[in-house]
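These notes are about the structure you will find just below.
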Amino acid sequence: TKKVISVSEFRNNYIKNFFNMKDENCSVVLNCCSSDVLKHATKFELDDLKDKYNLNDKKIILYIGRVDKDKGTLELVKACNKINRSDFKLLVVGAPIFDTGITTDYENLVKNEISKNDNFIMTGYVKHEELYKFYSLADVVVIPSQVEDSAPLVLIESISNGKPVIASNCGGIPEYVNKKCAILVNWGERYIDDLAKAIEKVLYDDNLKLQMGIESKKQSNLYSEEIYYNQFIDNIVQ
Numbered sequence: 001t002k003k004v005i006s007v008s009e010f011r012n013n014y015i016k017n018f019f020n021m022k023d024e025n026c027s028v029v030l031n032c033c034s035s036d037v038l039k040h041a042t043k044f045e046l047d048d049l050k051d052k053y054n055l056n057d058k059k060i061i062l063y064i065g066r067v068d069k070d071k072g073t074l075e076l077v078k079a080c081n082k083i084n085r086s087d088f089k090l091l092v093v094g095a096p097i098f099d100t101g102i103t104t105d106y107e108n109l110v111k112n113e114i115s116k117n118d119n120f121i122m123t124g125y126v127k128h129e130e131l132y133k134f135y136s137l138a139d140v141v142v143i144p145s146q147v148e149d150s151a152p153l154v155l156i157e158s159i160s161n162g163k164p165v166i167a168s169n170c171g172g173i174p175e176y177v178n179k180k181c182a183i184l185v186n187w188g189e190r191y192i193d194d195l196a197k198a199i200e201k202v203l204y205d206d207n208l209k210l211q212m213g214i215e216s217k218k219q220s221n222l223y224s225e226e227i228y229y230n231q232f233i234d235n236i237v238q
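For the sequence shown, position 56 (counting from the first letter as 1) is numbered 56 according to our numbering, and the numbering increases by one without interruption.
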């Protein structure tokens with residue numbers, strides 16, 4: 001192998017150490033996201049989703065991803081169950097293994113926890129080209145990773161849609177955001193409590209939510225498809 005390109009410094013360091021590679025054979029090109037999730041949902045599309053999931057006049061906490069232990073779905077649901085209010089909805093968008101229809105024991109654990117709150121909804125698998133509608137609805141996007149994610153695509157999609165982000169402080173996640181657009185939560189015994197506090201802080205402070213959204217959009221300018229393409233080509237032809 002002459003060259004390895006990673007999507008974060010975190011992954012780059014892992015590659016160098018694991019394969020004992022030289023610095024000059026490794027580089028980083030921060031990822032981008034597809035423009036199909038950056039469309040603006042129409043009023044009709046939003047009203048349709050609101051009616052389908054009974055979201056009218058509710059603040060929306062959005063999770064997009066596999067319903068999986070590594071992704072921290074259960075931790076998020078438990079955190080939201082600690083928020084003692086009824087004016088929000090948690091939307092869990094995803095399934096254990098994409099659109100296969102396969103269920104898992106972990107999914108059943110999540111469903112059991114979700115059953116404790118009428119404001120929690122599992123949508124099941126949603127096609128990627130339909131996700132822009134959910135991003136348009138969200139007040140805050142939560143990425144509760146429980147493994148060292150190199151560069152979660154949902155993170156890039158969220159800030160590109162101008163959404164405040166709350167995420168685990170791990171892997172390559174800190175490389176893609178700053179303190180103005182995201183709150184990063186450390187793993188540990190207080191993780192679920194800290195996650196709940198961070199969600200409530202953003203969800204019920206309209207000014208903070210607005211400013212974080214503005215900063216997210218600014219930050220996302222670093223991850224355009226054009227920038228990604230140019231940096232990728234530059235790394236290949238070096």
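Where a beta carbon is used, it is the ideal one built from N, C-alpha and C, also for glycine. Because the structure is a prediction, the values reported are computed rather than measured.
Exposed or buried, what is G162 when buried is set at 16 or more other beta-carbons lying within 10 Å of its beta-carbon? Classification for G162: buried.
Based on DSSP bridge pairs, tell me the residues matched to A95. DSSP lists no partner for A95.
Expected contact under 8 Å - CB spacing of A151 and G172 to nearest Å: Their Cβ separation, rounded to whole angstroms, is 5 Å, which keeps A151 and G172 in contact under 8 Å.
If you reduce the DSSP assignment to three classes, tell me which class Y176 lands in. DSSP places Y176 in helix when its eight states are reduced to three.
Secondary structure of A182, DSSP reduced to three states: In the structure shown, A182 sits in a strand (DSSP, three-state: E or B).
Is it right to say L210 is buried, meaning 16 or more other beta carbons lie within 10 angstroms of its own, or is it exposed? Exposed.
Along the chain, where does the alpha helix (DSSP H) that runs through V240 open and close? For the chain, the structure presents residues 1 to 238; residue 240 sits outside this window and is missing.
Rounded C-alpha distance that separates L208 from N12: Rounded to whole angstroms, L208 to N12 spans 34 Å at the Cα level.
Are there 16 or more other CB atoms within 10 angstroms of the CB of A215, so buried, or fewer, so exposed? Residue identity check: residue 215 is Glu in the sequence provided, not Ala. Label assigned to E215: buried.
State the DSSP-derived secondary structure class of M122, mapped to helix, strand or coil. Residue state, collapsed to three classes: strand.
E9 versus K78 - alpha carbon distance: If I take the Cα positions, the gap works out to 31 Å.
Give me whichever residues DSSP pairs with Y63 in a beta bridge. Partner(s): V92.
Hey, is the stretch 122 to 139 in contact with the stretch 47 to 61, meaning 3+ C-beta pairs nearer than 8 Å? A contact exists between the stretch 122 to 139 and the stretch 47 to 61.
Rounded to a whole number of angstroms, what is the C-alpha to C-alpha distance between D194 and V185? In a straight line, the C-alpha of D194 is about 7 Å away from that of V185.
Per the contact definition of three or more C-beta pairs closer than 8 Å, is the stretch 88 to 98 in contact with the stretch 107 to 123? Yes, since at least three Cβ pairs between the stretch 107 to 123 and the stretch 88 to 98 fall closer than 8 Å, the two stretches touch.
On a Cα-Cα basis, can you pick out the residue from W187, Y191, K217 and A182 that is closest to V202? Comparing Cα positions, the closest option is A182.
Suppose you measure from the CA of K133 to the CA of K3; what does that come to, to the nearest Å? Rounded to whole angstroms, K133 to K3 spans 38 Å at the Cα level.
Specify the secondary structure class of I159 as computed by DSSP and reduced to three states. If DSSP states are grouped into helix, strand and coil, I159 belongs with the helices.
Between the stretch 107 to 121 and the stretch 66 to 78, can you find at least three pairs of beta-carbon atoms closer than 8 Å? When Cβ pairs closer than 8 Å are counted between the two stretches, the stretch 66 to 78 is seen to touch the stretch 107 to 121, the count reaching three or more.
Taking just the CA atoms, how far does C33 sit from H40? So the two alpha carbons sit approximately 15 Å from each other.
If you draw a straight line from the C-alpha of I227 to the C-alpha of I83, how long is it? Between I227 and I83, the C-alpha separation is close to 40 Å.
If you run the structure through DSSP and keep just helix, strand and coil, what is H147? Looking at the sequence shown, residue 147 is not His but Val. DSSP places V147 in the coil class of the three-state scheme, outside both helix and strand.
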